[in-house]
Amino acid sequence: MIIASHDTFPDLGCEAIIFLDDESGECFQIQRDLLGTVETPRPRYSITTGVGAPVDEGILSWRRDDDEFEFALIPRAARLFGGASSLAFRVVAAEETTVADIAAHLDRLVG
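What follows is the structure, encoded as structure tokens:
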């Protein structure tokens, strides 16, 4: 099962949408610096698996169909996932949020 959540980390100066596979522990994260925490221009967002360097603005497009999310990735981001140019998975929202909330955060961060 993939559990989706949105969290703000003031101590790290970022917010993140996290898709966590509760069986394998693998994750897909979309992160953005909190406003007012960085003095130099930064990308809108970056993606990461939690291992290795994040990829700036690595999503070409995304869509949601009920509880399923699909992401088309730029080639550099695809390498994080063994060369797969897209990711698709069904999610369950973490406590105190909904799948619609996750989609709204995605729309705000990625567009």
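According to the numbering used here, the sequence shown holds residues 12 to 122 in order. For every residue, glycine included, the Cβ atom is placed at its ideal position computed from N, Cα and C. Please read these numbers as outputs of a predicted model, since none were measured by experiment.
Can you tell me where the alpha helix (DSSP H) holding residue i begins and where it ends?
i    : result
L71  : Note, L71: premise wrong, no alpha helix (DSSP H); beta strand (DSSP E) at 70-76.
R90  : Element bounds for R90: n/a, residue is neither H nor E.
L31  : Premise fails: L31 lies in the beta strand (DSSP E), 25-32, not in any alpha helix (DSSP H).
R55  : Note, R55: premise wrong, no alpha helix (DSSP H); not H, not E.
A111 : 110-120
Going by beta carbon distance, what residues of the same chain come within less than 8 Å of residue i, once the five residues before and after it are set aside?
i    : result
T60  : E37, C38, F39, Q40, L91, F92
E68  : P54, R55, Y56, S57, I85
P21  : L45
H17  : E26, A27, I28, I29, T108, D112, I113, H116
V121 : I41, R55, Y56, I70, W73
V78  : The identity of residue 78 in the sequence shown is Asp, whereas the question assumes Val. For D78, where only same-chain residues beyond five positions count, the Cβ hits under 8 Å are R101, V102, V103, V110.
Can you say whether residue i is buried or exposed, counting buried as having 16 or more other CB atoms within 10 angstroms of its CB?
i    : result
V66  : buried
A64  : exposed
V151 : Residue 151 falls outside the range modelled here, since the chain spans only 12 to 122, and no answer is possible.
Please list, in chain order, all residues of the same chain as residue i whose beta carbon is under 6 Å from its beta carbon, the five residues on each side excluded.
i    : result
F100 : I13
A114 : R75
A83  : L71, S72, S97
A105 : I14, S16
D32  : I13
Take residue i and list the residues in its own chain whose beta-carbon comes closer than 7 Å to its own, dropping the five residues that flank it on each side.
i   : result
A89 : A95, S96
R87 : V66, G69
Go to residue i, then tell me how far its beta strand (DSSP E) extends in each direction, as first and last residue.
i   : result
T60 : Run containing T60: none; DSSP gives neither H nor E here.
E9  : No statement about residue 9 is possible, as the shown extent of the chain runs from 12 to 122 and does not include it.
S35 : Taken as a continuous stretch (DSSP letters only), S35 belongs to no beta strand (DSSP E), as it is neither H nor E.
A95 : No beta strand (DSSP E) contains A95, which DSSP labels as neither H nor E.
A15 : 13-20
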